[in-house]
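Have a look at the structure below, then the notes.
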Amino acid sequence: MGCVCSTSSSEKVKTPGYEDPTILASETPFTVSEVDALYELYLKLSNSIIEDGLIHKEEFQLALFRNKNEKNLFADRIFDLFDVKRNGVIEFGEFVRSLGVFHPNAALEDKIAFAFRLYDLRQTGYIEKQELKEMVLALLHESDLYLSDEMIESIVDKTFEDADTKEDGRIDEDEWKAFVSQHPSLIKNMTLPYLKDITLAFPSFIARTEVEDSE
Amino acid sequence: SNLNAFDIISFSSGFDLSSLFDEK
Numbered sequence: 157m158g159c160v161c162s163t164s165s166s167e168k169v170k171t172p173g174y175e176d177p178t179i180l181a182s183e184t185p186f187t188v189s190e191v192d193a194l195y196e197l198y199l200k201l202s203n204s205i206i207e208d209g210l211i212h213k214e215e216f217q218l219a220l221f222r223n224k225n226e227k228n229l230f231a232d233r234i235f236d237l238f239d240v241k242r243n244g245v246i247e248f249g250e251f252v253r254s255l256g257v258f259h260p261n262a263a264l265e266d267k268i269a270f271a272f273r274l275y276d277l278r279q280t281g282y283i284e285k286q287e288l289k290e291m292v293l294a295l296l297h298e299s300d301l302y303l304s305d306e307m308i309e310s311i312v313d314k315t316f317e318d319a320d321t322k323e324d325g326r327i328d329e330d331e332w333k334a335f336v337s338q339h340p341s342l343i344k345n346m347t348l349p350y351l352k353d354i355t356l357a358f359p360s361f362i363a364r365t366e367v368e369d370s371e
Numbered sequence: 002s003n004l005n006a007f008d009i010i011s012f013s014s015g016f017d018l019s020s021l022f023d024e025k
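Protein chains in written order, with this note's numbering: chain A, 157 to 371; chain B, 2 to 25.
Take a look at the structure:
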């Protein structure tokens with residue numbers, strides 16, 4: 157095997173929130189090589205606008221939607237959930253641990269819980285009818301789709317009829333779990349098959365890692 | 002219709018993290 161010198165800057169430069177891949181691998185469904193590969197991706201994302209090795213909201217939104225300025229409620233919510241420390245940036249450890257939930261091998265309960273927090277807009281521990289309506293309205297508006305108020309009202313009411321089995325006007329985590337079990341498509345987006353092949357995206361990096369592993 | 006509010010949110014939000022990996 158010839159020289160497999162990586163041209164990656166990741167060998168030399170570690171971002172401010174860098175964490176040991178071995179530890180991250182032990183806490184997530186990723187292998188050490190996959191965490192290393194995610195670090196390559198993290199470096200790209202975290203230096204796309206502000207070159208400080210931390211993912212800012214604009215960089216996250218740029219990667220998700222190809223724009224950094226247009227307001228997107230969902231990008232905001234996902235960013236906030238990834239930003240566990242609530243310091244306005246996604247650090248490497250937060251990035252890996254959060255993405256771990258989206259791994260095909262991650263526990264279903266974790267995916268369901270993450271989705272619940274996504275919809276629990278005001279973080280009250282419940283999905284309330286009003287906030288669900290607000291989310292539907294905001295997202296339809298952001299995506300230039302139109303449904304009449306009556307139609308939205310009726311869909312949200314029907315959703316609550318089905319999901320709010322305790323009939324207290326809000327969906328708690330247990331009701332959410334039961335609802336998801338009846339509608340598994342609701343957490344379809346919580347699994348990224350691509351994460352199983354993450355190392356394939358960075359072949360030069362794999363070569364380097366393999367050499368390191370064999371040393 | 003079986004469409005529920007969460008489906009609408011999911012469709013209209015374009016919630017799909019796979020685009021994080023688009024440019025490699």
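All C-beta atoms in this analysis are idealised placements derived from N, C-alpha and C, irrespective of residue type, glycine included.
Tell me residue i's beta-bridge partners as DSSP assigns them.
i, result
"arginine 326 of chain A", "A:Glu284"
"valine 292 of chain A", "Answer is none; valine 292 of chain A lacks a bridge partner."
"isoleucine 246 of chain A", "A:Ile211"
Please look up how many angstroms separate the CB atoms of residue i and residue j, rounded, as I've assumed it's under 8 Å.
i, j, result
"phenylalanine 258 of chain A", "phenylalanine 235 of chain A", "Not quite, the Cβ-Cβ distance comes to about 14 Å (not below 8 Å), so this is no contact."
"proline 260 of chain A", "lysine 322 of chain A", "About 32 Å; that fails the 8 Å criterion."
"isoleucine 10 of chain B", "valine 292 of chain A", "6 Å"
"glutamate 175 of chain A", "glycine 256 of chain A", "Not confirmed; about 13 Å, so no contact."
"leucine 237 of chain A", "arginine 278 of chain A", "About 14 Å; that fails the 8 Å criterion."
"tyrosine 350 of chain A", "phenylalanine 22 of chain B", "6 Å"
For the alpha helix (DSSP H) that residue i lies in, which residues bound it at each end?
i, result
"tyrosine 275 of chain A", "264-275"
"lysine 10 of chain B", "The question names lysine, but residue 10 of chain B is isoleucine in the sequence shown. Unbroken alpha helix (DSSP H) run through isoleucine 10 of chain B: 6-14."
"glutamate 183 of chain A", "177-183"
"tyrosine 198 of chain A", "188-202"
"aspartate 373 of chain A", "For residue 373 of chain A there is no data in the structure shown, the boundaries of chain A being 157 and 371."
"leucine 237 of chain A", "229-238"
How about residue i and residue j: are their beta carbons less than 9 Å apart?
i, j, result
"serine 20 of chain B", "leucine 296 of chain A", "no"
"alanine 271 of chain A", "leucine 342 of chain A", "yes"
"threonine 347 of chain A", "alanine 193 of chain A", "no"
"asparagine 422 of chain A", "glutamate 298 of chain A", "Residue numbering for chain A in the displayed model covers 157 to 371; residue 422 of chain A lies beyond these limits and cannot be assessed."
"isoleucine 268 of chain A", "lysine 344 of chain A", "no"
"asparagine 253 of chain A", "tyrosine 282 of chain A", "This sequence places arginine at residue 253 of chain A; asparagine is not what is there. Not closer than 9 Å, so no."
"lysine 289 of chain A", "asparagine 5 of chain B", "no"
"threonine 178 of chain A", "glutamate 247 of chain A", "no"
"aspartate 320 of chain A", "glutamate 331 of chain A", "yes"
"valine 245 of chain A", "leucine 210 of chain A", "yes"
"phenylalanine 16 of chain B", "phenylalanine 230 of chain A", "yes"
"alanine 181 of chain A", "serine 204 of chain A", "no"
"phenylalanine 7 of chain B", "tyrosine 302 of chain A", "no"
"lysine 285 of chain A", "phenylalanine 316 of chain A", "yes"
"alanine 262 of chain A", "threonine 187 of chain A", "no"
"glutamine 338 of chain A", "aspartate 318 of chain A", "yes"
Of all Cβ atoms in chain E, is any one closer than 9 Å to the Cβ of residue i?
i, result
"phenylalanine 235 of chain A", "Of the protein chains in this structure, namely A and B, none is chain E."
query = In chain order, what residues of the region 282-307 of chain A put their CB closer than 8 Å to some CB of chain B?
reply = Leu288, Lys289, Met291, Val292, Leu295, Leu296, Glu298, Ser299, Leu301 and Leu303
task = Please name the residues in the region 182-205 of chain A whose beta-carbon is closer than 8 Å to at least one beta-carbon of chain B, in chain order.
result = Leu197, Lys200 and Leu201
key: Members of the region 253-276 of chain A near chain B, C-beta cut-off 9 Å   = Leu255, Phe258, Ala271, Leu274 and Tyr275
inquiry  = If the cut-off is 9 Å on Cβ atoms, which residues from the region 217-231 of chain A count as contacting chain B, listed in chain order?
reply    = Ala219, Leu220, Phe221, Arg222, Asn228, Leu229, Phe230 and Ala231
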